[in-house]
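Residue numbers (my numbering): 74 to 1066.
In this text, a Cβ means the ideal position worked out from N, Cα and C, and glycines have one as well.
The structure under discussion appears below in the form of structure tokens.
Okay, structure coming up:
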């Protein structure tokens, strides 16, 4: 870092310009630059020239005619001036900002720590009330500091002419406080082209020859959420293995990178790693560094008074039991407060059982309230300040929520940290009419969890749409003091971490309609404009697919191999993403490839591979039952894909000469309960001994079963019916049951039956698709036939094809097919809204399509009548019969702790039937009851809510909003006796308009 307290001679700039000329020639060729060397891979910083312009809405421009201040011109950056009177943390971050300017321009500017300087263009950085430079400019009326005084973490950036003697133009970065100033510098860095993930994901910094600030004042205002941060947790084996190799331990050198990352995303809060570790005890110099840099440290939900739990194992005496060992515990806690005296922090109160377990059953509320009272006395004694001046938090995690529900209370100045259920569903929110608390409310959320029904730690499985929906609910109910998210190992949660902290800054300016744009914007910040939309779509889809069921929960039987082509469609979708991602990879410059692999390609191809492995194992089981020759092929395929996973992991670990070794070492295959397997385990497969002679078998898609022992169309004698509205295209799958190749023919005497093939020779399996030429088909209901024959046999297999060509032409709405009408909730035909309640589509949220909810989420309970809010779905049934209606909701807990969330449904104008989503959700989620286990494993809450005799023809279904907070994904009407189980449910039916 080049820092000086003397005037820099103007002549130096000529030499810098000559140096930059050489660099720019290289940049024009599109070559990436690398700072650092191969041996010291932790210091490697990549830069990449870009011709991308800044968005029109940005206060930056590459057009000099729009300039109010020159930040970079011809590859030369303006120098930086910081007052020595400012916060040490501001001076430290100014050094990082100096490096950022050097990277985006190609030549590092001077950083001057002083109160005066002479330069044509100068960037002046400082904090109101702390920087003599900023205070002087305010006193002289050259900047308006009034809008910053008394504000929390606000900054402004503005250009000023002749701010001081010897300076013609200045860009002022002024902060209301230490973090405000820091955020101003890092916000400018990000907008110039320095991703917060430039180090943590090797995102190349964008180099531009010219960067100008427009002549306007830029500010983001104050953050809407006071404390915004992450929890490093469950950090073994991945992060711990990486840290041990690279840093020796979780020391100051490691945490400085973490602190910088949080600040670059405008976060301010951290729960540090705590699996057998203590930030304070392992390296006592780390906490002072956090305080200097502006990171607010706290201990996790079960670690009171700034003491990590592992420290009790190291230094504690006696049992972790306040009833039996109060003096030693008070002494232990007092030491935690003493060593952090004077440091900004949020202090955790109360206690859980030893090792983050529930307290004993005998624990009573009186004892817990006494613990809090005694802890607060310690805080007040050590700090010497009124207790309300020290931020404190009580985490209502798992069973602690029950203590609160039973009447335990803490003083009003304590923040109540509410929690999700560890799987992304908020458990409880304050009542809208509750008395405001001085300490307010916070939310502890999860992207990672170790616990039941199974741990999930490997890759990102969280849709940002779900985060938006739950945190919008959270914010709307007044939870804005703390937003904290458990991020596991940090990597590979880069994308959702970015979203969580971006959203936390100002939820009010982030409607659901902007969610799809966020994918593109974030991708543009990492990889530039050209491929941003495509990369954004890939990220949106792979997180959607991963969220359907977390990888640790996938089994060979998860997706149906027999209905709706579900398993094969899922594999095709994943592999299509792999193809798209590799196509982008081929077009990216070399300097962006490491980042692209970490952020996009690895999670896509690794998850595609994992899912195909499980489907292959599922086929091995099913085909073994069917005696297919391909049984052994799919056993081999599963094994091949299992070991292919290691190839991806090793490639990741080898990036940047091993910079990220160990980071993907989390096991992710072979889970049977919440405990991680010691090693990845392949799903079991079996082999069969087929006879030599070829032998023909077949499966008819959705075919009529011959018997209960031949389900799923095996050797079926009939297809389901065909009709011209749905215009079905069913397959018959021919399979071989011998080692020799099978030759076969498939024919028909009906000219209106179309076959995709008339036969062939196969080793294993082949699908022939059957459809109808409706221009040639007979009217009314009729029966056609196909004949399947193996060449070596005289036997002919006849399969019937029933058709119904007698349907009216004016059919509208969702059309039944084989006894099923499936409706994506967002594709309603009509909607009714009121003055108080309207409908909100959340694009891409859910397992298959998008989802819909009501807004505002704070609306009062609605009355389901003709004047209330409802959605209407028109359907057409081919046949009469008894039909059951099933609703599919995003998992949502009873966050108001009342009788449950209510909605209503009706068919054909019947009186609305009131349904309680939580009628069976009696046991608390933290006890792992069946209702909750199934909801989080499947990432859906399904209810079959009514049964009704319906005639053939047109009908109307209404879904009525009653309580807010319900998120509807799908409605399915299914005829009794139709048995087509699948994980995702029936795909959406044809819609006729």
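Rounded separation between residue i and residue j - CA only
i, j, result
"residue 96", "residue 684", "In this prediction, residue 96 has a pLDDT of 35, which is less than 50 and means its spatial position is unreliable; what the coordinates show is noted afterwards. Looking at the two C-alpha atoms, the distance is approximately 46 Å."
"residue 611", "residue 671", "14 Å"
"residue 577", "residue 539", "14 Å"
"residue 459", "residue 450", "10 Å"
"residue 182", "residue 135", "19 Å"
"residue 117", "residue 272", "8 Å"
"residue 735", "residue 356", "23 Å"
"residue 1009", "residue 826", "45 Å"
"residue 635", "residue 807", "14 Å"
"residue 955", "residue 521", "43 Å"
"residue 100", "residue 726", "Reliability of the predicted coordinates at residue 100 is poor, the pLDDT of 39 falling under 50, and the value obtained from them is presented with this limitation in mind. Computed Cα separation, rounded: 29 Å."
"residue 1034", "residue 424", "41 Å"
"residue 1046", "residue 1060", "12 Å"
"residue 259", "residue 971", "44 Å"
"residue 813", "residue 766", "6 Å"
"residue 586", "residue 979", "29 Å"
"residue 445", "residue 393", "15 Å"
"residue 1023", "residue 799", "20 Å"
"residue 302", "residue 552", "15 Å"
"residue 300", "residue 369", "8 Å"
"residue 81", "residue 336", "Interpretation of residue 81 is limited by its pLDDT of 36, a score under 50 that renders its predicted location unreliable; no figure is taken from the coordinates."
"residue 456", "residue 403", "15 Å"
Terminal residues of the beta strand (DSSP E) in which residue i lies
i, result
"residue 236", "228–237"
"residue 1003", "Unbroken run through residue 1003 is the alpha helix (DSSP H), 1003–1011; no beta strand (DSSP E)."
"residue 832", "832–835"
Pick from the options that is closest to residue i, judged by C-alpha positions
i, options, result
"residue 951", "921, 995, 937 and 882", "882"
"residue 276", "284, 287 and 263", "263"
"residue 609", "632, 645, 577 and 569", "569"
"residue 710", "758, 675 and 137", "758"
"residue 961", "1050, 249, 1058 and 946", "1058"
"residue 372", "337, 410 and 387", "410"
"residue 819", "632, 868, 195 and 393", "868"
"residue 924", "1041, 535, 590 and 304", "1041"
"residue 860", "213, 805 and 444", "805"
"residue 532", "602, 207, 889 and 678", "678"
"residue 1027", "949, 1039 and 953", "949"
Delimiting residues of the alpha helix (DSSP H) encompassing residue i
i, result
"residue 656", "639–660"
"residue 885", "First-last for residue 885: undefined, no H or E at that position."
"residue 313", "311–320"
"residue 263", "251–265"
"residue 595", "588–600"
"residue 537", "537–549"
Paired residues, beta bridge with residue i - DSSP
i, result
"residue 1016", "960"
"residue 897", "1043"
"residue 487", "DSSP lists no partner for residue 487."
"residue 1031", "945 and 979"
"residue 988", "976"
"residue 875", "856"
"residue 129", "In DSSP, residue 129 forms no bridge with anything."
"residue 1064", "887"
"residue 514", "489"
"residue 720", "Per DSSP, none; premise fails for residue 720."
"residue 954", "1023"
"residue 842", "804"
"residue 248", "200 and 228"
"residue 827", "844"
"residue 208", "Paired residues: none, contrary to the question."
"residue 304", "344 and 559"
Supposed contact pair residue j and residue i - C-beta distance, whole angstroms, cut 8 Å
i, j, result
"residue 1018", "residue 545", "Actually they do not touch by this definition, with Cβ atoms about 26 Å apart."
"residue 770", "residue 789", "So it is not a contact: roughly 11 Å between Cβ atoms."
"residue 380", "residue 406", "6 Å"
"residue 491", "residue 501", "6 Å"
"residue 246", "residue 233", "So it is not a contact: roughly 11 Å between Cβ atoms."
Residue i: CB within 7 Å of a non-hydrogen atom of the ligand COA
i, result
"residue 534", "The ligand COA is not among the ligands present in this structure, which contains no ligands whatsoever."
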